[in-house]
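Novice: Residue numbers (UniProt numbering), protein chains in the order written: chain A, 1 to 422; chain B, 1 to 422.
All residues carry an ideal CB built from backbone N, CA and C; glycine is no exception.
It should be emphasised that the depicted structure is a prediction, and the values quoted were computed from it without experimental measurement.
Once you've had a glance at the structure underneath, I'll fire off some questions.
Protein chains: 2
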Amino acid sequence: MFEIIDPSLRAFVEVAPDSGFPIQNLPYGIFSTPGQGMRAGVALGGWIVDLHALERAGLLPVADEARLFGQGSLNAYAATGRPTWAAVRARLAALLSGQDPRLRDDADLRVRAFVPMEQSTLHLPFEIASYTDFYSSEEHATNVGKLFRDPANALSPNWKHMPIGYNGRASSVVLSGHDFHRPMGQLPVAGGAPAWGACRQLDFELETAFFIGRGSELGTRIGPDQAAEHIFGMVLMNDWSARDIQRWEYVPLGPFQGKAFATSISPWVVTLDALEPFRVDAPVQDPAPLPYLREQDRHAYDIELTVELATAGGARAPIARSNFRHLYWTMPQQLAHHTSSGCNVRAGDLMGSGTISGPAGDAMGSLLEMTRNGSQPLALPDGSSRTFLEDGDEVVIRGEARRGELRIELGSVRGRVLPARD
Amino acid sequence: MFEIIDPSLRAFVEVAPDSGFPIQNLPYGIFSTPGQGMRAGVALGGWIVDLHALERAGLLPVADEARLFGQGSLNAYAATGRPTWAAVRARLAALLSGQDPRLRDDADLRVRAFVPMEQSTLHLPFEIASYTDFYSSEEHATNVGKLFRDPANALSPNWKHMPIGYNGRASSVVLSGHDFHRPMGQLPVAGGAPAWGACRQLDFELETAFFIGRGSELGTRIGPDQAAEHIFGMVLMNDWSARDIQRWEYVPLGPFQGKAFATSISPWVVTLDALEPFRVDAPVQDPAPLPYLREQDRHAYDIELTVELATAGGARAPIARSNFRHLYWTMPQQLAHHTSSGCNVRAGDLMGSGTISGPAGDAMGSLLEMTRNGSQPLALPDGSSRTFLEDGDEVVIRGEARRGELRIELGSVRGRVLPARD
Chain A
1 MFEIIDPSLR
11 AFVEVAPDSG
21 FPIQNLPYGI
31 FSTPGQGMRA
41 GVALGGWIVD
51 LHALERAGLL
61 PVADEARLFG
71 QGSLNAYAAT
81 GRPTWAAVRA
91 RLAALLSGQD
101 PRLRDDADLR
111 VRAFVPMEQS
121 TLHLPFEIAS
131 YTDFYSSEEH
141 ATNVGKLFRD
151 PANALSPNWK
161 HMPIGYNGRA
171 SSVVLSGHDF
181 HRPMGQLPVA
191 GGAPAWGACR
201 QLDFELETAF
211 FIGRGSELGT
221 RIGPDQAAEH
231 IFGMVLMNDW
241 SARDIQRWEY
251 VPLGPFQGKA
261 FATSISPWVV
271 TLDALEPFRV
281 DAPVQDPAPL
291 PYLREQDRHA
301 YDIELTVELA
311 TAGGARAPIA
321 RSNFRHLYWT
331 MPQQLAHHTS
341 SGCNVRAGDL
351 MGSGTISGPA
361 GDAMGSLLEM
371 TRNGSQPLAL
381 PDGSSRTFLE
391 DGDEVVIRGE
401 ARRGELRIEL
411 GSVRGRVLPA
421 RD
Chain B
1 MFEIIDPSLR
11 AFVEVAPDSG
21 FPIQNLPYGI
31 FSTPGQGMRA
41 GVALGGWIVD
51 LHALERAGLL
61 PVADEARLFG
71 QGSLNAYAAT
81 GRPTWAAVRA
91 RLAALLSGQD
101 PRLRDDADLR
111 VRAFVPMEQS
121 TLHLPFEIAS
131 YTDFYSSEEH
141 ATNVGKLFRD
151 PANALSPNWK
161 HMPIGYNGRA
171 SSVVLSGHDF
181 HRPMGQLPVA
191 GGAPAWGACR
201 QLDFELETAF
211 FIGRGSELGT
221 RIGPDQAAEH
231 IFGMVLMNDW
241 SARDIQRWEY
251 VPLGPFQGKA
261 FATSISPWVV
271 TLDALEPFRV
281 DAPVQDPAPL
291 PYLREQDRHA
301 YDIELTVELA
311 TAGGARAPIA
321 RSNFRHLYWT
331 MPQQLAHHTS
341 SGCNVRAGDL
351 MGSGTISGPA
361 GDAMGSLLEM
371 TRNGSQPLAL
381 PDGSSRTFLE
391 DGDEVVIRGE
401 ARRGELRIEL
411 GSVRGRVLPA
421 RD
């Protein structure tokens with residue numbers, strides 16, 4: 001069911017050999033140029049291939065009048081479903097390799113279709129319909145549970161039975177590159193009334209997320225083995241978190257303002273087709289989950305994830321390394337649980353993995369974990385140290401998958417902390 | 001700043017004297033008729049006044065080319081903000097009373113503009129941008145806390161310092177009249193692994209909710225005294241809850257599938273202008289909240305709320321009575337807290353009050369409270385009893401405000417429980 005592009009295929013335009021956007025990737029995004037408004041494209045090396053230009057030229061297997069790619073979001077295209085996604089991907093591989101010569105041999109169309117990435121502005125790829133965040137890394141949940149729960153019973157009793165998740169705030173999902181002001185909020189004061197002030201425990205969270213393409217009807221469920229019909233693709237995500245605000249507010253109804261000021265995602269949506277060559281086993285689950293969460297074809301993807309911290313003083317250091325494959329609950333299980341009550345999903349729903357920690361010592365996806373809630377500062381190469389993020393700090397998350405010569409990037413998501421505004 | 005319509009004013013069309021939709025109300029909704037698609041209207045007695053017809057005739061103080069009222073939702077109109085809302089309301093009062101004769105004296109336009117309500121289909125009034133639910137009734141939080149927390153410390157330590165709220169699921173917000181299947185889910189089993197099954201503790205929650213009209217920018221806050229510039233109006237809400245699913249899932253990240261299968265709202269959005277005559281003092285707050293939650297003009301509205309239960313066997317009984325005025329945290333405080341971190345709001349955001357219980361004995365907004373978590377069954381007039389909802393049960397919530405001769409309805413929200421689908 002996945003449209004895998006032959007690893008030996010090459011684009012007819014120049015693509016740097018070390019690019020993470022080879023013809024085997026073709027991630028989707030929304031872009032604009034000075035002369036023309038927002039439209040959809042796929043990344044190919046340093047180019048954006050303008051899908052609206054190809055659509056208007058009648059080269060894509062979608063109804064011309066639909067104008068699926070001439071909109072300010074991918075929602076309408078993603079809603080069409082996997083058969084259309086597969087047909088478009090196969091056609092793009094043929095057109096961009098020259099196996100189908102209609103683009104290669106049309107000089108006018110080539111000028112319109114290949115837009116240099118550096119002359120473009122990227123936008124949120126989807127209109128975010130709703131945003132859900134899961135909590136699916138056993139190591140992260142254990143690390144957090146040891147800090148705030150009983151170290152001997154770090155996981156809550158439900159954790160191994162369901163992919164715990166919560167509804168997040170969709171309006172504050174922003175694109176990579178959005179710098180944000182340190183949030184204000186209610187800060188806990190030991191034994192007394194809370195104080196109003198700027199967050200003192202600002203953190204990042206290393207996550208991935210997937211977008212729903214084809215939706216479902218209210219009152220129906222999606223089984224894990226049908227999930228790939230609905231999942232359009234993946235992005236990187238930084239779920240910025242105000243730990244002090246969150247700690248004071250979250251009992252009994254969960255995170256609210258502690259995670260409502262910014263959630264950053266990467267601009268390019270990488271399809272499951274592009275990730276298929278990097279399929280690996282997902283962790284064995286014990287106890288076995290209930291039948292509605294059991295997968296015939298349980299798998300993860302081998303995606304290396306890194307976090308880099310750059311300070312206002314000029315220090316720049318990798319501070320964490322993890323892998324998507326560590327997640328205990330897979331995306332199909334997350335989606336199956338999300339619809340288990342009959343809850344419907346819609347094109348543009350964004351579903352986060354939760355912080356992705358892992359078994360290795362440096363595989364911690366948040367400062368909360370790395371510094372043991374601020375008690376063990378992290379040393380940086382310029383001699384400074386961090387417990388939590390300081391003003392001017394920039395966090396960059398990157399993701400890539402490698403197998404032999406093939407390298408696929410999820411790209412990067414970055415954001416910088418600006419001073420609080422009282 | 002509120003556009004109050006003189007209580008002595010009368011419409012020139014027939015409106016039953018006991019109607020809760022007199023010319024002083026004019027709530028907004030979205031409707032369609034067999035011959036024409038979705039558009040906006042206001043309710044007036046048994047009529048829907050077609051605002052798109054008035055807009056096309058050039059009688060409303062909005063730009064004609066905007067077609068604000070010819071859409072399938074109120075989002076675009078609500079986003080214009082209070083000055084436009086006030087101008088439209090003043091014009092409608094003049095047109096519908098005949099003080100401005102242009103509608104009254106135009107026979108063709110009258111035929112287009114007055115649509116019998118029973119010939120219309122109502123739709124969700126807004127495209128729900130996001131849905132947030134608060135927990136703002138002290139009596140409800142205390143009742144629940146006594147059941148599940150320490151009876152001597154029923155309220156969580158943060159409760160009197162902030163309007164506790166959480167992000168709910170926007171996709172499953174449905175219009176009054178939507179019947180839904182009892183949800184399936186993970187049910188807790190004492191001391192063991194959970195079971196998959198149909199919810200056994202299905203409940204209603206008596207709530208009101210408000211819609212955001214004018215939005216805000218990410219990174220800015222809305223003070224409580226600016227809230228009326230952003231709040232478009234109110235509806236009734238039934239936040240159906242699967243108590244067993246919720247109890248097992250909600251630690252540590254809050255309600256998820258236990259409240260994701262249906263949330264019902266009433267079709268007519270009643271403006272703050274219409275509610276202004278029913279203004280009363282809101283409860284005194286002790287301790288005083290932090291400055292960002294302090295109101296210059298703190299007030300509530302005197303809105304009587306009732307819950308009726310109708311069984312498949314034909315029993316029909318009022319089971320609860322409460323009042324909006326009991327809420328400890330007001331809508332302006334809820335909105336101020338929601339934006340305290342810089343979180344932006346958007347037209348179509350739906351914000352629920354939380355279950356509205358009250359000090360009187362029958363002022364309990366859920367079966368959970370009435371039956372003490374199922375331990376004290378509720379007797380019904382047909383000799384049956386309820387701990388939680390059974391298949392075939394219908395719940396109807398109504399709301400109205402009275403002052404002298406003036407009576408304003410919020411209308412009603414109803415829904416029926418259908419059997420689970422495995």
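1) Could you please tell me which residues of the segment 132 to 152 of chain A, in chain order, have their CB closer than 7 Å to any CB of chain B?
2) Just to confirm my understanding: we take A:E409, look at its own chain, exclude 5 residues before and 5 after, and list those with CB closer than 6 Å. What are they?
3) Run the CB neighbour count on A:G254, radius 10 Å, all protein chains shown included, and call it buried at 16 or more, exposed below.
4) Any Cβ of chain A within less than 7 Å of the Cβ of B:Y166?
5) Please decide whether B:G404 counts as near chain A, where near means a Cβ-Cβ distance under 7 Å.
6) For the alpha helix (DSSP H) containing B:Q246, list its first residue and its last residue.
7) A:V136 and A:W329: beta carbons closer than 7 Å?
8) List, from N- to C-terminal side, the alpha helix (DSSP H) runs of 4 residues or more that fit wholly inside the segment 178 to 253 of chain B.
9) With 8 Å as the C-beta to C-beta threshold (strictly closer), list the residues of the segment 325 to 341 of chain B near chain A in chain order.
10) Going along chain B, which residues have a C-beta under 8 Å from A:F210?
11) Along the segment 182 to 207 of chain A, what residues have a CB closer than 7 Å to any CB found in chain B?
12) A:P267 and A:S176 - do their beta-carbons sit closer together than 7 Å?
13) Can you confirm whether A:S264, when its beta carbon is compared against all beta carbons of chain B, has any partner nearer than 7 Å?
14) How would you write the range of the beta strand (DSSP E) that B:V13 sits in, first residue to last?
15) List the residues of chain A whose Cβ lies closer than 8 Å to the Cβ of B:S130, in chain order.
16) Whose Cβ in chain B lies nearer than 7 Å to the Cβ of A:R346?
17) Taking the C-alpha atoms as reference points, what is the distance between A:F211 and A:R316?
18) Where does A:G358 fall in DSSP's three states?
19) Just to confirm before moving on: does the CB-CB distance between B:A310 and B:D362 stay below 7 Å?
20) Going by CA-CA distance only, name the one from B:A43, B:V235, B:I303 and B:R298 that's closest to B:R402.
21) Per the DSSP calculation, A:R279 is bridged to which residue(s)?
22) Closer than 8 Å, Cβ to any Cβ of chain A: which residues of the segment 248 to 264 of chain B, in chain order?
23) Look at A:T271 and A:G215 and say whether their C-beta atoms are less than 7 Å apart.
24) Going along the segment 211 to 225 of chain A in order, which residues come within less than 7 Å of chain B, judged by CB to CB distance?
25) Look up B:S385 in the DSSP assignment and give the residues it is bridged to.
26) Three-state secondary structure (DSSP) at B:R56?
27) Run the CB neighbour count on A:G185, radius 10 Å, all protein chains shown included, and call it buried at 16 or more, exposed below.
28) Beta-carbon within less than 8 Å of B:V280's beta-carbon, same chain only, minus the 5 sequence neighbours each way: which residues are those?
29) At a Cβ cut of 7 Å, what residues of the segment 14 to 43 of chain A count as close to chain B, listed as they run along the chain?
30) Using 7 Å as the threshold, is the C-beta distance between B:V62 and B:L54 below it?
31) Which partner residues of A:F134 appear in the DSSP bridge assignment?
32) Against chain B, does A:S357 count as a neighbour if the rule is that its beta carbon must be under 7 Å from one of theirs?
33) Under 8 Å, with one C-beta from each stretch per pair, do the segment 362 to 378 of chain B and the segment 330 to 338 of chain B reach the 3-pair mark?
34) Leaving out the 5 sequence neighbours to the left and right, which residues in its chain are closer than 6 Å to B:F2 when beta-carbon positions are compared?
35) I need the straight-line Cα distance from A:A209 to A:L236, nearest angstrom please.
36) What does a CB cutoff of less than 6 Å around A:A76 pick up in its chain, not counting 5 residues either side in sequence?
Specialist: In brief:
1) Y135
2) G20 and E400
3) buried
4) yes
5) no
6) R243 to E249
7) With the sequence shown as reference, residue 136 of chain A is identified as Ser, and Val is not the correct amino acid for it. Yes.
8) 243 to 249
9) H337, H338, S340 and S341
10) Residues of chain B passing the Cβ test: none, with the nearest at roughly 16 Å.
11) P183, M184, G185, Q186, A193, P194 and W196
12) yes
13) no
14) Unbroken run through B:V13: none, as it is neither H nor E.
15) S130, R169, A170 and S171
16) S171
17) 31 Å
18) coil
19) no
20) B:I303
21) A:Y301
22) W248, E249, Y250, V251, P252, L253, G254, P255, F256, Q257, G258, A260, F261 and A262
23) no
24) L218 and G219
25) B:A379
26) helix
27) buried
28) H299, A300, Y301, D302 and R325
29) none
30) no
31) A:G165
32) no
33) no
34) D273 and E276
35) 6 Å
36) L68
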